[in-house]
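Undergrad:
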Amino acid sequence: MSFIVKPCAGGTVFVINFDNLRKLDFQGIIEKTKGSRFKLSVETPEVLLLKSGDIGITLFKSGKIMAKNVKSHEEAEKIAEEFGKVIGAN
303 MSFIVKPCAG GTVFVINFDN LRKLDFQGII EKTKGSRFKL SVETPEVLLL
353 KSGDIGITLF KSGKIMAKNV KSHEEAEKIA EEFGKVIGAN
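Residue 303 is where the sequence shown starts when you use the numbering used here, and the numbers rise one by one after that.
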């Protein structure tokens, strides 16, 4: 699984880009996240919002992912690895 994690302004938001995620199937992702620690909170045609404790995940239809309330780059990488496994970002 190959991805890039970049910090955003403020230091608690990170952008995660997986090399192979483009034009996502939101219904498939919603099914894959059931039973995981990532809980769906909002679904729109272009964005999914998920929560895991205090951490918020914004998943855009384009494949871009934003992780909010993350304490460090290392934590963002761990979230990327775990979330990537859940949604099948091989």
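All C-beta atoms, glycine included, are put in the ideal place defined by N, C-alpha and C. Quick caveat: nothing in here was measured; it's all calculated off a predicted structure.
Which one of Glu348, Gly337, Pro309 has the shortest CA to CA distance from Ser374?
TA: Translated into positions along the sequence shown, residue 374 becomes position 72. When each option's Cα is compared against that of Ser374, the closest is Pro309.
Undergrad: Is the beta carbon of Val307 closer than 7 Å to that of Phe316?
TA: Position 14 of the sequence shown, counted from the start, is the residue given in the question as residue 316. Position 5 of the sequence shown, counted from the start, is the residue given in the question as residue 307. It is a contact, given that the beta carbons lie within the stated cut-off.
Undergrad: Could you tell me if Phe340 is buried or exposed, where buried requires 16 or more neighbouring beta carbons within 10 angstroms of its beta carbon?
TA: Here residue 340 is taken as the residue at index 38 of the sequence shown, counted from 1. Answer is buried; the Cβ neighbour count reaches 16.
Undergrad: What residue range is occupied by the uninterrupted beta strand (DSSP E) comprising Ala369?
TA: For this step, residue 369 is matched to residue 67 along the sequence shown. First-last of the beta strand (DSSP E) with Ala369: 367 to 370.
Undergrad: Quick check on this structure: which residue in Lys366, Leu342, Glu333 has the alpha carbon closest to the alpha carbon of Lys325?
TA: On the sequence shown, position 23 is the one that residue 325 refers to. The residue with the shortest Cα to Cα distance from Lys325 is Lys366.
Undergrad: If the criterion is Cβ atoms closer than 7 Å, does the pair Lys370 and Gly358 meet it?
TA: On the sequence shown, residue 370 is found 68 positions in, with the first residue counted as 1. On the sequence shown, residue 358 is found 56 positions in, with the first residue counted as 1. Yes. Within cutoff.
Undergrad: What is the rounded straight-line gap between the Cα of Ile286 and the Cα of Ile381?
TA: Summary: the structure shown does not reach residue 286, with the chain confined to residues 303 through 392, and so no result is reported for it.
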